[in-house]
Amino acid sequence: MSQSLSKKSARSRPDAKTTLFYIALVLAALIWFTPVITLILTAIKDAGDFAVNGAFSLPKSIRWANFSEAWETGVKNYFWNSVIVTSFKVPIGIILESMAAFALTHMHFKWANQVFTYILIGLIVPIQMTLVPLTLLMNALNLIDTLTGLTILYIGFGVPFGVLVMRGFFRTVPVAIIEAARLDGCSWFRIFYRIALPLALPAVVSLCILDGVATWNEFILAQIFLRSDELRTLPLGLVQFSTQFSTQYDQLAAAVLIAVVPIVLVFLFFQRYFVAGMGGAVK
Amino acid sequence: MSSVLRKEGAVLPQTSKKSKIRDDRLRFLPWLFLAPALAIYTVVVVYPMVYSAYLSLFRWDGVSPAKVFVGLQNYWILLTQNDVFWIALKNNAIWLVAALLLPTSIGLGLAILLNSRFRGSHIFRSIFYFPAVLSLAVVGLIWTWIYHPDLGLLNQMLSALGLKVLTRNWLADPNIALYPVIIAATWSAVGLPMLLFLAGLQTIPEEMHEAAKVEGANRVQVFVYITFPLLRETTLIVLAITAINALKAYDIIYAMTNGGPANKTQLLSTWMYFLTYNYNQVGLGTAIAVVLFSLTLIFAIPYIRFMTRKV
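Each protein sequence line maps, in turn, to chains A and B.
Positions 250 to 532 (this note's numbering) are the ones given, in order, by the first sequence.
Positions -17 to 293 (this note's numbering) are the ones given, in order, by the second sequence.
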């Protein structure tokens, strides 16, 4: 009722107030997006054009070669390394996390609250608190400077957030459904993967996306545990790229843009899952 | 549910045995579900944490087999002889205050503006949230160009506006370098509070606002007396998460200033890295990590209490 009223009034005549509101909002959005626009303009510019006119002017001509040059200078490696790490970390992590979250929510587990608190500690611990012992551990296991080692670390550090999100969603799965399945003699494993997990599918998708983005963007563990250039993931590679080619802004911007594009696509297509996922985290 | 089973068992002795076996299996089955996650989490996160605290009591270069037990001396050295530690601590404090004020209030303002449905509200939400999905290293790189002394947008704009006196080499000026970095960090930190506040606003029934308006309340009154009190829980979560994230800041410093100029933009997190990996002062490095963790706990304990309420 009230909704239809407001819609009607908004449609019939955009008064001065509404117009002003839109203008202010568009201006704010433009200012907010300036860094991204600058990045795009720099990436498609000729280096000479950039040196003369700076970042924030329309390019004289679009130079796509910046992208291919950046790609060949090393971004290709960084990109595929990030793809590899992310595509192993996310599914494995989600299986472990959802199993744990299921046990904590539906299996009448006496220690559920204590175990959950124990897991939550991981959300708050600064990564610096773990670096030295992890270095020793990874060294002992010969996992320094390997993508495998890095993936294992990512899975471990991903547990708290994953359990938090999955637990938030499993709690919304009605107990009655689980109880009914129990009465029918369904085993807990079956209940987990045939009932609870399918019901929590939106949560799984949300977590995939949040987790994928976080893994794609991770910097400090990669910085500490990857040593050779050909193994670097994107954020690390880009920062390194920027110190090595500090004056080639066009290529650097193109490299950054290559790193950002997958995130933008994920963001555009799965936007509502960001909201849902974060909602699950504070439920 | 299980009590129903037990009652049946009391009536029929044969099933009582069966259900007891089932109960025993039940007791250990949750651990089986938890085992993989708990194992990797314990090895990768918890054990290193505890071991770091232990290492902070030693003088050690990280390489030689001999660790010298020195008790709390590392902490004493940090407090009395390590000037950069104090710079870092002060920077962390500034960073924390800025993080608690700026992204939270901007996020709340945007959430209130964008909560009402109007044409394009979704696009605006995406635009303002977008920086939050970028890697902080990337955010650092982008803003480094904006602050570039000659080619950067900021100085060019200032010159164009006739404010050439204000132009400077933003990230190389030891007196102010921290603040441009904080602005860049704020840009990327607004999205999360905005999202959480939007989610919080959506739980407030529209009728409450309507009722207040019918009673003659103006917008400010509606916000002060209705919206904000109902957002109390969301606000607490937002503040806690923002504070915890602020203390974790690292990538963006590394990408923008690398702690410089003259260590003036070091944070505890970056100074820990320098001491440990560049100067081989593992004892001092882990001691800083412990200090950082203790600071985090101040904000984290209420947060964890909240998250583990009612199960």
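Here a beta-carbon is modelled for each residue, glycine too, at the ideal position from N, C-alpha and C.
Can you look up B/Arg287 in the DSSP assignment and give me helix, strand or coil? Residue numbering aside, residue 287 of chain B sits at position 305 when the second sequence is read from its first letter. In the three-state DSSP reduction, B/Arg287 falls in the helix class (H, G or I).
Within 7 Å, strictly: CB atoms of B/Val264 and B/Gly44: Walking along the second sequence from the start, residue 264 of chain B turns up at place 282. Walking along the second sequence from the start, residue 44 of chain B turns up at place 62. With respect to the 7 Å criterion, B/Val264 and B/Gly44 are classified as neighbours on the basis of their beta carbons.
What does A/Ile293 reach in chain B if we use C-beta pairs closer than 9 Å? What you label residue 293 of chain A is simply residue 44 of the first sequence in a count that begins at 1. The contacting residues do not exist; A/Ile293 stays about 14 Å from chain B at best.
What does the Cβ neighbour count give for B/Lys(-11), buried or exposed, with the cut at 16 atoms within 10 Å? Stepping through the second sequence from its first residue, residue -11 of chain B is reached at position 7. In this prediction, B/Lys(-11) has a pLDDT of 40, which is less than 50 and means its spatial position is unreliable; what the coordinates show is noted afterwards. Exposed: under 16 other Cβ atoms inside 10 Å.
When you compare the CB of A/Trp329 with every CB in chain B, is at least one pair closer than 7 Å? For this step, residue 329 of chain A is matched to residue 80 along the first sequence. Closer than 7 Å: no.
Roughly how far, in whole angstroms, is the beta-carbon of A/Ser491 from the beta-carbon of B/Leu123, given that I think they are within contact range, below 8 Å? As a first step, residue 491 of chain A must be located in the first sequence, where it is residue number 242. As a first step, residue 123 of chain B must be located in the second sequence, where it is residue number 141. 6 Å between Cβ atoms; contact.
Would you verify that the beta carbon of A/Asn388 is, or is not, closer than 7 Å to some beta carbon of chain B? Translated into positions along the first sequence, residue 388 of chain A becomes position 139. No, A/Asn388 does not count as interfacial toward chain B.
Quick check on B/Val50: does DSSP put it in helix, strand or coil? Position 68 of the second sequence, counted from the first residue, corresponds to residue 50 of chain B. Strand, per DSSP.
Does A/Arg312 come out as helix, strand or coil in the three-state DSSP assignment? Reading the first sequence from its first residue, position 63 is the one you call residue 312 of chain A. A/Arg312: coil per DSSP, three-state reduction.
Classify A/Phe519 as helix, strand or coil using the three-state DSSP reduction. Position 270 of the first sequence holds residue 519 of chain A. Coil, per DSSP.
CB contact check: B/Thr224 to chain A, cutoff 7 Å: Indexing the second sequence from 1 puts residue 224 of chain B at position 242. No, B/Thr224 lies away from the interface with chain A (no Cβ there is under 7 Å from its Cβ).
Residues of chain B with a CB under 9 Å from the CB of A/Trp320: which are they? Position 71 of the first sequence, counted from the start, is the residue given in the question as residue 320 of chain A. Result: empty, since nearest Cβ-Cβ is about 17 Å, beyond 9 Å.
What span of residues does the alpha helix (DSSP H) with B/Trp65 cover, start to end? As a first step, residue 65 of chain B is located in the second sequence; it is residue number 83 there, counting from the start. In the sequence under discussion, the amino acid at residue 65 of chain B is Asp, which differs from the Trp named in the question. In the DSSP assignment, B/Asp65 falls within the alpha helix (DSSP H) that extends over 65 to 97.
Do you know offhand how far A/Leu392's Cα is from A/Leu383's? Reading the first sequence from its first residue, position 143 is the one you call residue 392 of chain A. Reading the first sequence from its first residue, position 134 is the one you call residue 383 of chain A. Their backbone Cα atoms lie some 10 Å apart in a straight line.
Rounded to whole angstroms, what is the Cα-Cα separation between B/Ala225 and A/Ala429? Taking the second sequence and counting its residues from 1, the one referred to as residue 225 of chain B is at position 243. Taking the first sequence and counting its residues from 1, the one referred to as residue 429 of chain A is at position 180. Rounded to whole angstroms, B/Ala225 to A/Ala429 spans 43 Å at the Cα level.
Reduced DSSP category for B/Phe40 - H, G, I as helix; E, B as strand; rest coil: As a position in the second sequence, residue 40 of chain B is number 58, starting the count at 1. Reduced to three states, the DSSP call for B/Phe40 is strand.
Between the region 240 to 252 of chain B and the region 8 to 20 of chain B, can you find at least three pairs of beta-carbon atoms closer than 8 Å? no
Work out the CA separation of A/Ile512 and B/Ala171 for me, nearest whole Å. One-based indexing of the second sequence puts residue 171 of chain B at position 189. One-based indexing of the first sequence puts residue 512 of chain A at position 263. Across the structure, B/Ala171 and A/Ile512 are spaced so that their CA atoms are roughly 17 Å apart.
So B/Gly89 and B/Phe179 are in contact, right, with Cβ under 8 Å, and what is the actual spacing, rounded? The count along the second sequence starts at 1 and reaches residue 89 of chain B at position 107. The count along the second sequence starts at 1 and reaches residue 179 of chain B at position 197. The Cβ separation is near 6 Å, so the contact holds.
Within 7 Å, strictly: CB atoms of A/Ile414 and B/Val115: On the first sequence, residue 414 of chain A is found 165 positions in, with the first residue counted as 1. On the second sequence, residue 115 of chain B is found 133 positions in, with the first residue counted as 1. This sequence places Val at residue 414 of chain A; Ile is not what is there. Result no, Cβ atoms of A/Val414 and B/Val115 do not sit closer than 7 Å.
Quick check on this structure: which residue in A/Val334, A/Ala445, A/Asn302 has the alpha carbon closest to the alpha carbon of A/Ala471? Here the question's residue 471 of chain A lines up with position 222 in the first sequence. For A/Ala471, the closest alpha carbon among the candidates A/Val334, A/Ala445, A/Asn302 is that of A/Val334.
Of all the beta strand (DSSP E) runs that stay within the bounds of the region 296 to 365 of chain A, which reach a length of 3 or more residues? none
How many whole angstroms separate the CB atoms of B/Gln138 and A/Phe305, which I take to be in contact at a CB cut-off of 8 Å? On the second sequence, position 156 is the one that residue 138 of chain B refers to. On the first sequence, position 56 is the one that residue 305 of chain A refers to. Approximately 7 Å separates the beta-carbon atoms of B/Gln138 and A/Phe305; this is inside 8 Å, confirming the contact.
With distances taken between CB atoms, is the gap from B/Gly295 to B/Thr209 smaller than 7 Å? With chain B covering only -17 through 293, there is no way to say anything about residue 295 of chain B.
I'd like to know whether the C-beta atoms of B/Phe288 and A/Ala278 end up nearer to each other than 7 Å. Counting from 1 along the second sequence, the entry for residue 288 of chain B is found at position 306. Counting from 1 along the first sequence, the entry for residue 278 of chain A is found at position 29. No. Outside cutoff.
Are any of the Cβ atoms in chain B nearer than 7 Å to that of A/Thr379? Taking the first residue of the first sequence as position 1, residue 379 of chain A is located at position 130. Output row for A/Thr379: interface = yes.
So what's A/Cys457 in DSSP terms, helix, strand or just coil? Residue numbering aside, residue 457 of chain A sits at position 208 when the first sequence is read from its first letter. Helix at A/Cys457.
Tell me the DSSP secondary structure of A/Asp499 in three-state form. Walking along the first sequence from the start, residue 499 of chain A turns up at place 250. A/Asp499 falls in the helix class under three-state DSSP.
Express the C-alpha separation of A/Phe441 and A/Ile427 in angstroms, rounding to a whole number. Against the first sequence, residue 427 of chain A aligns to sequence position 178. Against the first sequence, residue 441 of chain A aligns to sequence position 192. Answer to the nearest angstrom: the Cα atoms are 9 Å apart.
Interface residues of chain B facing A/Glu346 [CB-CB closer than 9 Å]: In the first sequence, residue 346 of chain A corresponds to position 97, counting from 1. Those within 9 Å of A/Glu346 in chain B are Ala19.
If we ignore side chains and look at the alpha-carbon of each, how far apart do A/Phe351 and A/Phe358 end up? What you label residue 351 of chain A is simply residue 102 of the first sequence in a count that begins at 1. What you label residue 358 of chain A is simply residue 109 of the first sequence in a count that begins at 1. Roughly 10 Å between the two C-alpha positions.
Please state the DSSP three-state secondary structure of A/Asp394. Counting from 1 along the first sequence, the entry for residue 394 of chain A is found at position 145. A/Asp394 falls in the coil class under three-state DSSP.
Just to make sure I have the definition right: I need the residues of chain B whose C-beta is within less than 8 Å of the C-beta of A/Val462. Which are they? For this step, residue 462 of chain A is matched to residue 213 along the first sequence. Correct list: Val115.
Just the Cα atoms here: how many angstroms apart are B/Pro156 and A/Thr283? Stepping through the second sequence from its first residue, residue 156 of chain B is reached at position 174. Stepping through the first sequence from its first residue, residue 283 of chain A is reached at position 34. B/Pro156 and A/Thr283 have their C-alpha atoms spaced approximately 26 Å apart.
C-alpha distance - A/Ile293 paired with B/Leu136, whole-angstrom precision: Here residue 293 of chain A refers to the residue found at position 44 when the first sequence is read from its first residue. Here residue 136 of chain B refers to the residue found at position 154 when the second sequence is read from its first residue. Spanning the two alpha carbons is a distance of roughly 20 Å.
Mind pulling the chain A residues with CB within less than 7 Å of B/Phe256? Within the second sequence, the letter at position 274 stands for residue 256 of chain B. The premise fails here: B/Phe256 is roughly 11 Å from chain A at the closest Cβ pair, so nothing lies under 7 Å.
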